[in-house]
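Participant: Note that the working numbering numbers the sequence shown so that position 69 is 509, with each residue one more than the last. The C-beta atom is built at its ideal place from N, Cα and C for all residues, glycine as well.
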Amino acid sequence: MTLKGHVEKGVVVLDEPADLREGDEVRVQLSRRAEAPEEDAPTLYDQLKDVIGIAEGLPPDLAENHDHYLHGHPKKTA
Numbered sequence: 441m442t443l444k445g446h447v448e449k450g451v452v453v454l455d456e457p458a459d460l461r462e463g464d465e466v467r468v469q470l471s472r473r474a475e476a477p478e479e480d481a482p483t484l485y486d487q488l489k490d491v492i493g494i495a496e497g498l499p500p501d502l503a504e505n506h507d508h509y510l511h512g513h514p515k516k517t518a
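(1) Starting from residue 510, trace the alpha helix (DSSP H) both ways and give me its first and last residue.
(2) Express the C-alpha separation of residue 458 and residue 504 in angstroms, rounding to a whole number.
(3) If you follow the alpha helix (DSSP H) that residue 488 is part of, which residue opens it and which one closes it?
(4) Thinking C-alpha only, which one of 495, 500, 442 is nearest residue 460?
(5) Between which two residues does the beta strand (DSSP E) harbouring residue 454 extend?
(6) Is residue 454 closer than 7 Å to residue 463 when the C-beta atoms are compared?
The structure is reproduced here in structure tokens:
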């Protein structure tokens, strides 16, 4: 069972009522909201632009059939 909640004054408060019995074991997994990236942070393209397009001699259908080339699975047909 997964329950959602939030913290109020240091106490976990469930968003919906739950049928919990005395002595039930619970596990809390913290899920923080993602922070907005800094405006001057490099984009994924900026980070990878030096390696984009340098691979040579690869099959033209590599993206679609990578399982075939890596693991020997049958090729996918269009």
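Facilitator: Reading from the atomic positions:
(1) Counting from 1 along the sequence shown, the entry for residue 510 is found at position 70. Run containing residue 510: 506 to 511, per the alpha helix (DSSP H) assignment.
(2) Taking the sequence shown and counting its residues from 1, one reaches residue 504 at position 64. Taking the sequence shown and counting its residues from 1, one reaches residue 458 at position 18. Computed Cα separation, rounded: 46 Å.
(3) Residue mapping note: residue 488 aligns to position 48 of the sequence shown, counting from 1. Note, residue 488: alpha helix (DSSP H), 484 to 488.
(4) Position 20 of the sequence shown, counted from the start, is the residue given in the question as residue 460. The candidate whose alpha carbon is nearest that of residue 460 is 442.
(5) As a first step, residue 454 must be located in the sequence shown, where it is residue number 14. Looking at the DSSP string, the run of the beta strand (DSSP E) that includes residue 454 is 451 to 454.
(6) What you label residue 463 is simply residue 23 of the sequence shown in a count that begins at 1. What you label residue 454 is simply residue 14 of the sequence shown in a count that begins at 1. No. Outside cutoff.
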